[in-house]
Structures are given as C-alpha cells and as structure tokens.
Amino acid sequence: MRDTIIAGLDIGSSKIRVAVGQKIDGHELNIVGLAEVPSEGVSKGTIKSVEDAVSSISRAFESAERMTGVPVERALVSISGTHIKSDTSKGVIAVAKADGEIKPADVERVIEAAQAVSTPPNYEILHVIPKTFTVDSQSGIKDPVGMTGIRLEVEVQIIQGLSTQIKNLTKVVYRAGVEVDDLVLASLAASEAVITARQKELGVCVLSIGASTTGLAVFEEGEVIHSHVIPIGAGHITNDIAIGLRTSIDTAEEIKIKYGSAMPEEIGRKEDLDLARITEGEVGVVSRHHIAEIIEARMEEIFKLADVELAKIERSGKLPAGIILTGGGAKLDGVMQLARRIFKLPAAIGFCRAGKMAIDRVEDPSVSTAIGLVLWGEHLIKNYGANERMFSNKAGEFSAKVKKWFKSFLP
C-alpha cells in the first residue's frame, strides 16, 4: 500500500495555515488535517521578522502533525505580496525536425525562448504559464505537439517575485524544519480549490481577500490571463472600524466578524450596538448602519481597484462565469451582493471543492489557499509520480519549472 502525503503551507499576514492531504494507492485525495495559528512576523505577504515567522510556521506544522498523526517533512508554499509582478511575453523558434512535426522538445524550447525576457533587477521568475501557441499562421492552439509547421510561437504569462522576498520566505520554512517543494502564487492556489474547469474556460476572476492584500487571478479558455496583488485586505476594514468607532483593534475585529455587513441599505438605521456587551471596559453605543457604511466603503475600494485590473485586459463586465470571492474577507456579510453591483457580473463565494474532507471547514473560504496548494501538489503527482518534483527549489533555475509545468498540459 502506497501512502502519499501532500502538505500545503499558506503564510498569511493574519493566519498561518497548514493543510494535509493523503492519497492511498492512487485513490481519491482525502484532506485529513488543517491547522491554523496566528501569524507573527509576516505583513502584506512579506517576512518582517524571521524568528517570529519561523516560530509561527513551526507551531502550525506541530498542530497539523498532532491532528493527523503523520510527520510532515515537505510542503508547497504560498507566496503573495505587492512585490509580485505579472507580464505577458512571446517566444518564437523554428521547428527542429526536417519534416516539420512539432515535438515536446520544440515546445520546451519555445517556452524557454519566451521567458528569456529582461527581468527587473532583483526579481526572479516564479511561474511561466503557456497561454496559447501559433503554428505558422494558425493561432489559438493549446497543444501543438504532433502538428506540422515551420515556425512555432507561444504567448506566456510570466509571474515574478522580488528575490529577497523569495529567499526570506524559503528561509523561514526551511528553518522550521520543512522542505519547500514549490512556491505557488497564493491566488493561483486558491483558484485551484474554488473554481471548475468550465468556469476557467468561460472566463472568471478569482478574488482572494486576505488580511493585508487581495489576490486577483483571471482565467479564460482554461488558462491564466492575468494576475495582480492589491495592497488592501480585510484587515484594513478592521483598522477603519477601530478609527471610526474609537475602539481597540480586537473589539473592531469582533464587531466586523459578528455584526458587520457590506450592505448598509439592509441594516436599519436604528439598530444599535452596545460596545460594553462586546468587550469589557469599552463604553458607548454605535450604529450598525454606520459600521456597514465603513465596511462598504473599503470593500468598494478593493472591488473598484480589481475592476481597474480587469479593464486593463479588456475584461471589465465581460467574464461570463463572473467573480468568485474567497479568502477570509469573503466571509463578510453582503460582499457577494456588493461585488455584483460593482462589477456588474455574477458573483459567488468560492468554497473548496476538494474530494474527501475529513475536516469540518470545507465551507470556510479562508482555507481555500491552503487546500488549493494540496490540490496543486496532487496535480503534480498525477503527472510525474510522487517522488518527482515539479519545480527546482533553487532560485533562478526555472528552465526545469517551465518544462515540467508545460508537460502537465500535454495529453
């Protein structure tokens, strides 16, 4: 009996989560554990204190191991932050074989040609994702292998991160005693958990609303066509409430979670909240309608910034599968209705669609990135077997990343 363990580590600014998946003899993946601890030493997706971050990550893995009874030695790790850049690039080569038949080696070469772009100083490539191929004058090809032509062209999405942030992130994970199998953009990992192949084909935008940032990933015709990180998250709402009501951050967070809404029109103007009932020592009565106005203003800002990104790629109001909201911020009451109003598109909360769940939190969108990382790992196993890694762990060695990533799209 072969027992494969896949772990996903989501390093957020508010929480650090570890999801553990188990696959026995090729059967359906079973999510057997999910641990969550407060995040320390991390802000806006970047490491601010190595020691604090190592301590938090260690606690998360210890909790996961107690829950599952299985030691976790390696994991796929999420990466986010405003340092992430996303660009489109093209590569062109001549087909190698005299008869013009395109082989996987040609595909690897053209993708390598596409990633030979001018990388900004101190940046490294995280993902090189093929979007579409052109053989001679025939464009819109998803898999050119086996076709005949003279000239092969590819358009790819290149996602890059700041070298220092990548090194600091991998450092804290290694120092916690865990090996890094791969770094995965958090919004892509979350998307893996919450959207279907049909939604990706039709056109969909996933918004992962974290504490300090909001990740955006846009899919069309089955591929990623754009990604971006907005430097505002649900934690900013907490700060707004604390300032607006003159309360502590802890009280503001509790008000947001228990009594908050992004739709003031659904809250009666005379609905009041006694702060003393929430936190001992707090004094005053506040209007729930006013709280909702504070939340609406900040969520509207996030959504409008996201819509600006959609407009940049000419997809504002033009995604048939609409907007999928996930992450902790998606749990706020009224965010789905507000998203429909701002984007003028269908909107829904994205819940994890993993196979078997031995845990109770499948209905919690805040765990989507951690579980998405496990699903990402399962995808690798299906393509290469449990003992082969998809990506190199060494920064800069992305030739292997490109080759192995593309092989996952081949039949």
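For any residue, its number in my numbering is found by taking its place in the sequence shown, counting from 1, and adding 934. Glycine included, every Cβ here is placed at the ideal spot set by N, Cα and C.
Inter-residue spacing [alpha-carbon to alpha-carbon] between Val1088 and Thr1181: In the sequence shown, the residue the question calls residue 1088 occupies position 154. In the sequence shown, the residue the question calls residue 1181 occupies position 247. Whole-angstrom Cα-Cα distance: 54 Å.
Cα-Cα separation, Val1051 to Ser1023: Numbered from 1 along the sequence shown, position 117 holds the residue referred to as residue 1051. Numbered from 1 along the sequence shown, position 89 holds the residue referred to as residue 1023. So the alpha carbons of these two residues sit roughly 7 Å apart.
Glu996, DSSP secondary structure in three states: Counted from its first residue, the sequence shown places residue 996 at position 62. In the structure shown, Glu996 sits in a helix (DSSP, three-state: H, G or I).
Cβ pair Ile1027, Val1079 closer than 8 Å: Your numbering for residue 1027 matches position 93 in the sequence shown. Your numbering for residue 1079 matches position 145 in the sequence shown. No; because the gap between Cβ atoms is not below 8 Å, this pair is not in contact.
First through last residue of the alpha helix (DSSP H) which encompasses Gln1099: One-based indexing of the sequence shown puts residue 1099 at position 165. Segment 1097-1109, the alpha helix (DSSP H) holding Gln1099.
Of the residues Ala1226, Gly1156, Leu1209, Ser1012, the one placed nearest Ser1142, counting alpha carbons only: Position 208 of the sequence shown, counted from the start, is the residue given in the question as residue 1142. Taking only the C-alpha atoms, the option nearest Ser1142 is Ser1012.
Selected residue, minimal CA-CA separation from Ser1071, among Ser1020, Met1081, Ala1110, Thr1148: For the purposes of this step, residue 1071 is taken as residue 137 along the sequence shown, with counting starting at 1. Nearest of Ser1020, Met1081, Ala1110, Thr1148 to Ser1071, Cα basis: Met1081.
Any alpha helix (DSSP H) of 4 or more consecutive residues that is wholly inside the stretch 971-1019: Correct list: 984-1002.
Rounded separation between Thr1068 and Leu1086 - CA only: Reading the sequence shown from its first residue, position 134 is the one you call residue 1068. Reading the sequence shown from its first residue, position 152 is the one you call residue 1086. Taking the straight line joining both Cα atoms gives about 6 Å.
Outcome for Ser1073 when other beta-carbon atoms lying within 10 angstroms are tallied against a minimum of 16: Numbered from its first residue, the sequence shown carries residue 1073 at position 139. Exposed, since its Cβ has fewer than 16 Cβ neighbours within 10 Å.
Exposed unless 16 or more other CB atoms sit within 10 angstroms - verdict on Ile958: Counting from 1 along the sequence shown, the entry for residue 958 is found at position 24. Exposed, since its Cβ has fewer than 16 Cβ neighbours within 10 Å.
Ile1189 beta carbon less than 8 Å from that of Ile1164: Taking the sequence shown and counting its residues from 1, the one referred to as residue 1164 is at position 230. Taking the sequence shown and counting its residues from 1, the one referred to as residue 1189 is at position 255. Contact: no.
Which residues DSSP lists as bridging His1160, in chain order: Numbered from its first residue, the sequence shown carries residue 1160 at position 226. His1160 is bridged to Val1152.
Under 8 Å between C-beta atoms of Val976 and Ser1014: Residue numbering aside, residue 976 sits at position 42 when the sequence shown is read from its first letter. Residue numbering aside, residue 1014 sits at position 80 when the sequence shown is read from its first letter. Contact flag unset, no.
Separation of Val1217 from Ala1226, as counted between CA atoms: Start at 1 with the first residue of the sequence shown, and residue 1226 comes out as number 292. Start at 1 with the first residue of the sequence shown, and residue 1217 comes out as number 283. So the alpha carbons of these two residues sit roughly 20 Å apart.
Whole alpha helix (DSSP H) elements within the stretch 1245-1272, 4-residue minimum: none
Cβ-based burial, Gly1306 [other Cβ within 10 Å; buried from 16]: Position 372 of the sequence shown, counted from the first residue, corresponds to residue 1306. Gly1306 should be labelled buried.
Sub-8 Å separation of Glu1234 and Ile1276 beta-carbons: Sequence index remark: in the sequence shown, residue 1234 carries index 300 (1-based). Sequence index remark: in the sequence shown, residue 1276 carries index 342 (1-based). Yes; because the gap between Cβ atoms is below 8 Å, this pair is in contact.
Delimiting residues of the beta strand (DSSP E) encompassing Pro1064: The residue labelled residue 1064 in the question sits at position 130 within the sequence shown. First-last of the beta strand (DSSP E) with Pro1064: 1057-1069.
Residue range of the alpha helix (DSSP H) that includes Thr1185: By 1-based counting over the sequence shown, the position of residue 1185 is 251. Its alpha helix (DSSP H) spans residues 1183-1193.
Given 8 Å, three or more beta-carbon pairs between the stretch 982-1000 and the stretch 1100-1118: Contact holds: three or more Cβ-Cβ distances are below 8 Å.
Straight-line Cα distance separating Asn1056 from Thr1098: In the sequence shown, counting from the first residue as 1, residue 1098 sits at position 164. In the sequence shown, counting from the first residue as 1, residue 1056 sits at position 122. Taking the straight line joining both Cα atoms gives about 7 Å.
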